[in-house]
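Novice: Below is one structure. I have some questions about it.
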Amino acid sequence: GAARALLGIMAGRDKIISHVRVMDANGAQLASFEVESTNSTAWGTTGGLHQKHAEEIALRLKG
């Protein structure tokens, strides 16, 4: 019934995976890495996940 439908909507998690390549002005690859960010439950916001993912990429770029 309704309880099952609600639990189905709130089940699972969101995930973003980015494959990042850093190139120099001549097009030579300087570095590459993968960043994976997740929300452990559906209670988080998509915007919050996007922000978290951007911050994780920035941290990797800063070294």
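No gaps in the numbering here: position 45 of the sequence shown is 45 in our numbering, and each next residue is one more.
C-beta atoms are modelled at their ideal positions from N, C-alpha and C, and glycine is treated no differently.
For clarity, every value in this text was computed on a predicted model and none was experimentally measured.
(1) Could you tell me the distance, in whole angstroms, from the CA atom of S40 to the CA atom of L49?
(2) Report the option in H19, N26 and K15 whose CA atom is closest to the CA atom of I57.
(3) Please confirm whether N38 and R21 have their CB atoms less than 8 Å apart.
(4) In the DSSP output, which residue or residues are listed as bridge partners for T46?
(5) Could you have a look at A25 and say whether DSSP puts it in helix, strand or coil?
Specialist: This is what the structure holds:
(1) 10 Å
(2) H19
(3) In the sequence as displayed, the identity of residue 38 is Thr instead of Asn. Taking 8 Å as the Cβ cut-off, T38 and R21 do not qualify as a contacting pair.
(4) T46 pairs with nothing; no bridge assigned.
(5) coil
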